[in-house]
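Have a look at the structure below, then the notes.
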Amino acid sequence: MEALVVENLTKRYDRDDVLKDVSFRVDSGAFGLIGPNGAGKTTLIKIICGLLAPSSGRVLVDGHPPGSPVANAAIGYLSERQGYYELQTPQEYLGLFGALHGLSPAQTRERTLELLAKVGLAKKAQDRISTFSRGMRQRLGIARAMLHRPKLYLLDEPLSGLDPTGRKEVMKVLSGLRHEGSIIFLSSHELKDMDTLCDQVLMLHNGKKIARGNPDSLMSKIRGAREVLSFNLHAPFSALDRLPAEVPGITKFELVDGGFQLTIPHDPALERKILKWLLDHFVEFSMKKHVIDSLYSQILEDSSAAGEAENVP
Amino acid sequence: MSHRPVLRLVRSELVQTLRRPSFSGFLFLLSILMLFEMSLQNQGYPLPNPIKSIIPASLVYSNFISALFLAYLAASSIAKEYEDRTMNILLTVPMGRSEVYTGKMAVLACIVPIIIAFDSVYILALTASFGALPDIELALVPFELVVSAMFFISVIALTMLLSVILRSSSFVLIFMTIFLFLSAFLGLPVLSTGRYGYALSYSSVFFMPASVMVSAFRITETYCTVDWALPALQVIFTVVVILLGTWLFRRSDVWG
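Note that the protein sequences, when read in sequence, are chains A and B. Using the numbering used here, the letters of the first sequence map in sequence onto residues 16 to 328. Using the numbering used here, the letters of the second sequence map in sequence onto residues 409 to 664.
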């Protein structure tokens with residue numbers, strides 16, 4: 016049985032269509048949901064959780080309607096702006112939800128200790144949640160979602176608002192879930208979050224599905240997708256202006272403070288040639304690549320240029 | 409589906425509620441109020457009229473404070489959970505929404521006997537203070553306590569309904585404070601005359617238990633007769649409010 020079926024889902028709010036005729040199925044792996052703020056990601060996840068009722072269309076979670084006790088038992092949900100009982104300790108918090116999920120006190124205790132160790136909060140088990148950082152709260156939220164070993168994880172922006180350390184910590188936990196074979200449905204407004212984790216990505220824009228595929232296939236679907244490579248030079252290099260002439264394919268060459276910036280088509284071979292040219296000329300540099308976000312912007316640009324976004328099967 | 413998770417929700421929330429500093433603070437305040445009133449009554453019977461009028465007033469005050477505190481707990485239980493976004497998670501546990509709602513109501517209903525126990529102690533203490541007071545109808549006290557409990561449950565039900573609609577604990581509490589204040593003190597001059605008939609006319613159905621309790625003491629010549637129509641009306645009102653609250657809670661979207 017498929018973990019999640021969404022068919023022709025529409026959600027209307029104040030005469031606006033927040034979601035328009037969205038359909039997809041999830042049966043394994045990690046599934047990413049991407050779109051800018053206001054695209055309808057949170058609304059979609061809340062409908063799957065049974066927190067919002069669809070205006071039309073059908074959703075089945077593990078074969079059951081969302082919000083039913085059986086469907087709720089199959090999901091582990093992490094909300095975008097998750098609230099906590101601030102005066103509780105993580106142990107009490109997980110203990111409460113273990114009980115609500117029907118675990119015995121002994122099972123809850125055992126699972127709580129196991130999960131707190133897994134998300135790196137074992138030493139904080141007796142601290143009040145009110146003292147926790149955002150990253151720690153997200154990890155506690157993930158632990159709560161994992162408590163009853165759900166079939167499907169629904170994680171709404173789990174990396175949003177985290178500092179680099181927090182992102183790393185949460186990504187580690189999510190990768191662990193991924194390797195255990197859990198089915199993950201994850202939303203984000205940044206495609207780079209999906210790159211390493213997701214097999215499939217669904218793009219939403221203005222409530223409509225505009226693209227679906229794995230991150231690489233999405234890349235190849237978009238004609239003219241670009242990467243922006245930013246180089247920071249550790250020492251001045253006078254012959255830099257020869258680079259565009261000697262390495263064909265560079266779309267845009269721009270000198271910036273302390274270095275230069277290249278815009279190139281998405282082409283790993285071209286990228287390697289550029290790096291080789293720089294190394295051959297003994298240029299010392301550090302580089303940043305904005306490939307994913309440029310792809311994402313490109314998809315949105317293409318979608319806007321085409322007028323109404325089309326549904327992609 | 410087993411009902412054990414509901415019982416666990418009730419137990420867990422009850423423990424959390426009883427652990428709140430505000431709960432012990434409330435009991436402390438109620439005790440102080442009662443001790444203050446009893447210290448006045450120790451001046452002996454018959455009391456001068458101004459002090460005599462404090463006796464029924466004290467019952468209204470204690471009911472008012474108790475009702476307000478229950479409204480605070482009920483608003484915390486629903487509206488505050490929406491505000492703090494903990495409701496999102498609570499509604500994704502394998503329980504029906506009706507079970508969550510009734511579970512929360514059950515928790516608050518468990519607080520009522522504690523308040524009633526305080527009231528009972530107070531009435532007994534009053535009786536002891538007024539040892540020779542012939543007016544007190546002790547036979548009516550159990551009835552008064554039951555009606556009082558019903559009144560508190562009505563307050564809980566109404567606050568929970570408002571919490572589902574307004575989803576703001578501040579708005580709910582402002583509304584309930586005004587409502588309870590008007591109900592309690594609009595009827596107070598009438599109540600302090602001991603004229604039960606006037607009380608029925610002027611105090612709202614919702615605050616009726618206070619008038620029943622006051623009239624039971626018969627501080628004037630008017631004898632209290634128990635009119636079952638108003639308690640029955642209150643039961644019907646409470647049941648309708650509970651059903652409406654449950655229905656709205658089940659159907660409402662959780663956007664926040």
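Virtual Cβ for every residue (Gly too), placed ideally from N, Cα, C.
Proximity below 7 Å, CB of B:A640 to CB of B:T567: By 1-based counting over the second sequence, the position of residue 640 of chain B is 232. By 1-based counting over the second sequence, the position of residue 567 of chain B is 159. No, they are not a contact pair.
Mapping the DSSP letters down to three states, classify A:T25 as helix, strand or coil. Numbered from 1 along the first sequence, position 10 holds the residue referred to as residue 25 of chain A. Note: A:T25 maps to strand in three-state DSSP.
Just the chain B side, please: which residues come within less than 9 Å of A:K61 by C-beta, in chain order? Here residue 61 of chain A refers to the residue found at position 46 when the first sequence is read from its first residue. N496, D661, V662 and W663, listed in chain order.
Quick check on DSSP: helix, strand or coil for A:T211? Taking the first sequence and counting its residues from 1, the one referred to as residue 211 of chain A is at position 196. A:T211 falls in the coil class under three-state DSSP.
Per-residue contacts from B:M503 into chain A (C-beta, under 8 Å): Locating residue 503 of chain B in the second sequence gives position 95, where the first residue counts as 1. Simply P84, N87 and L115.
Between the C-alpha atoms of B:F657 and B:L499, what's the straight-line distance to the nearest angstrom? Walking along the second sequence from the start, residue 657 of chain B turns up at place 249. Walking along the second sequence from the start, residue 499 of chain B turns up at place 91. When rounded, the distance between both Cα atoms is 10 Å.
Is the segment 205-220 of chain A touching the segment 241-251 of chain A, taking contact as three or more C-beta pairs under 8 Å? no
Would you call the CB atoms of A:L19 and A:T25 closer than 7 Å? Here the question's residue 19 of chain A lines up with position 4 in the first sequence. Here the question's residue 25 of chain A lines up with position 10 in the first sequence. No; because the gap between Cβ atoms is not below 7 Å, this pair is not in contact.
Within the 7 Å Cβ cut-off, does B:P413 reach chain A? Within the second sequence, numbered from 1, the residue matching residue 413 of chain B stands at position 5. Interface residue, yes.
Helix, strand or coil for B:R419, going by three-state DSSP, please let me know. Here residue 419 of chain B corresponds to residue number 11 of the second sequence, with the count starting at 1. In this structure, B:R419 counts as helix in the three-state DSSP scheme.
Evaluate A:L156 with the Cβ neighbour count: other Cβ atoms within 10 Å of its Cβ, from every protein chain shown; 16 or more gives buried, anything less gives exposed. As a position in the first sequence, residue 156 of chain A is number 141, starting the count at 1. Before going on, a small fix: residue 156 of chain A reads as Gly here, not Leu. By the neighbour-count rule (16 or more Cβ atoms within 10 Å), A:G156 is buried.
Below-7 Å beta-carbon distance, B:S439 vs any chain A residue: Sequence index remark: in the second sequence, residue 439 of chain B carries index 31 (1-based). B:S439 does not count as touching chain A.
List the residues of chain B that A:F200 touches, going by C-beta distances under 7 Å, in chain order. Within the first sequence, the letter at position 185 stands for residue 200 of chain A. By Cβ distance, chain B contributes nothing, its closest Cβ being about 14 Å from A:F200, past 7 Å.
Tell me, which residues are paired with A:D272 by DSSP? For the purposes of this step, residue 272 of chain A is taken as the residue at position 257 of the first sequence. Its beta-bridge partners do not exist; DSSP assigns none.
Candidates A:L167, A:A114, A:T127 and A:K139: which alpha carbon is nearest A:A45's? In the first sequence, counting from the first residue as 1, residue 45 of chain A sits at position 30. A:A45 has its Cα closest to that of A:L167, out of A:L167, A:A114, A:T127 and A:K139.
Are the C-beta atoms of A:R96 and some chain B residue less than 7 Å apart? What you label residue 96 of chain A is simply residue 81 of the first sequence in a count that begins at 1. Judged by the 7 Å Cβ criterion, A:R96 is in contact with chain B.
Would you kindly check if the distance between the Cβ of B:F560 and the Cβ of B:V501 is under 7 Å? For the purposes of this step, residue 501 of chain B is taken as the residue at position 93 of the second sequence. For the purposes of this step, residue 560 of chain B is taken as the residue at position 152 of the second sequence. Result no, Cβ atoms of B:V501 and B:F560 do not sit closer than 7 Å.
Can you give the Cα-Cα distance for A:R257 and A:S43, rounded to whole angstroms? Reading the first sequence from its first residue, position 242 is the one you call residue 257 of chain A. Reading the first sequence from its first residue, position 28 is the one you call residue 43 of chain A. A:R257 and A:S43: Cα-Cα distance of roughly 49 Å.
Return the CA-CA distance between A:Y99 and A:N87, expressed in angstroms with no decimal places. In the first sequence, counting from the first residue as 1, residue 99 of chain A sits at position 84. In the first sequence, counting from the first residue as 1, residue 87 of chain A sits at position 72. Distance between the alpha carbons of A:Y99 and A:N87: 19 Å.
Quick check: A:G176 and A:R159, are their CB atoms within less than 7 Å of each other? Along the first sequence, read from residue 1 onward, the residue named residue 176 of chain A stands at position 161. Along the first sequence, read from residue 1 onward, the residue named residue 159 of chain A stands at position 144. No, they are not a contact pair.
Tell me which residues share the same chain as B:L417 and place their Cβ nearer than 6 Å to its Cβ, disregarding the 5 neighbours each side in the sequence. Against the second sequence, residue 417 of chain B aligns to sequence position 9. Once the five neighbours on either side are set aside, the close Cβ partners of B:L417 are G511.
Pull up the distance between the alpha-carbon of B:M495 and that of A:G264, whole angstroms please. Counting from 1 along the second sequence, the entry for residue 495 of chain B is found at position 87. Counting from 1 along the first sequence, the entry for residue 264 of chain A is found at position 249. Their Cα atoms are separated by approximately 54 Å.
Quick check on B:T567: does DSSP put it in helix, strand or coil? Locating residue 567 of chain B in the second sequence gives position 159, where the first residue counts as 1. Helix at B:T567.
Please report the Cβ distance between B:I486 and B:L441, rounded to the nearest whole angstrom; I am assuming they are in contact, meaning their Cβ atoms lie under 8 Å. Taking the second sequence and counting its residues from 1, one reaches residue 486 of chain B at position 78. Taking the second sequence and counting its residues from 1, one reaches residue 441 of chain B at position 33. With a Cβ gap of about 28 Å, B:I486 and B:L441 do not count as contacting.
Just list the residues that DSSP pairs A:P348 with in beta bridges. Not covered by the structure: residue 348 of chain A. The range shown for chain A is 16 to 328.
Tell me which same chain residues have a C-beta within less than 6 Å of the C-beta of A:P51, skipping the five on either side of it? Here residue 51 of chain A is taken as the residue at index 36 of the first sequence, counted from 1. So the qualifying residues of the chain are H204.
Looking only at DSSP bridge pairs, what is A:N247 linked to? Indexing the first sequence from 1 puts residue 247 of chain A at position 232. Partner(s): A:G274 and A:S301.
Relative to the C-alpha of A:L131, which residue among A:Q153, A:L118 and A:H116 is closest? Counting from 1 along the first sequence, the entry for residue 131 of chain A is found at position 116. A:L131 has its Cα closest to that of A:Q153, out of A:Q153, A:L118 and A:H116.
Local conformation of A:P84 per DSSP, three classes: As a first step, residue 84 of chain A is located in the first sequence; it is residue number 69 there, counting from the start. The answer is helix: DSSP assigns A:P84 an H, G or I state.
Would you call the CB atoms of B:S430 and B:K488 closer than 7 Å? Indexing the second sequence from 1 puts residue 430 of chain B at position 22. Indexing the second sequence from 1 puts residue 488 of chain B at position 80. For B:S430 and B:K488, no; Cβs fall outside 7 Å.
Going by C-alpha distance, which of A:E17, A:V37, A:G53 and A:I63 is nearest B:D661? The sequence position of residue 661 of chain B within the second sequence is 253, counting from 1. The shortest C-alpha separation from B:D661 is found at A:I63.
Among B:S439, B:M503, B:V515 and B:I497, which one has its Cα closest to the Cα of B:T425? As a position in the second sequence, residue 425 of chain B is number 17, starting the count at 1. B:T425 has its Cα closest to that of B:V515, out of B:S439, B:M503, B:V515 and B:I497.
Reference A:F268, options A:K56, A:L212, A:V243 and A:L136, closest by Cα: Position 253 of the first sequence, counting from 1, holds the residue named residue 268 of chain A. With distances taken between Cα atoms, A:F268 lies closest to A:V243.
So, with DSSP's three-state summary, where would you put B:G452? The residue given as residue 452 of chain B occupies position 44 in the second sequence. Any reading at B:G452 needs caution, since the residue's pLDDT is 46, under 50, leaving its predicted position unreliable; the model's value is listed next. Three-state DSSP puts B:G452 in coil, outside helix and strand.
A:P81 and A:G65 - do their beta-carbons sit closer together than 7 Å? The residue given as residue 65 of chain A occupies position 50 in the first sequence. The residue given as residue 81 of chain A occupies position 66 in the first sequence. Yes.
For chain A, is any of its Cβ atoms less than 7 Å away from the one on B:M616? Walking along the second sequence from the start, residue 616 of chain B turns up at place 208. In this prediction, B:M616 has a pLDDT of 45, which is less than 50 and means its spatial position is unreliable; nothing more can be read from the coordinates.
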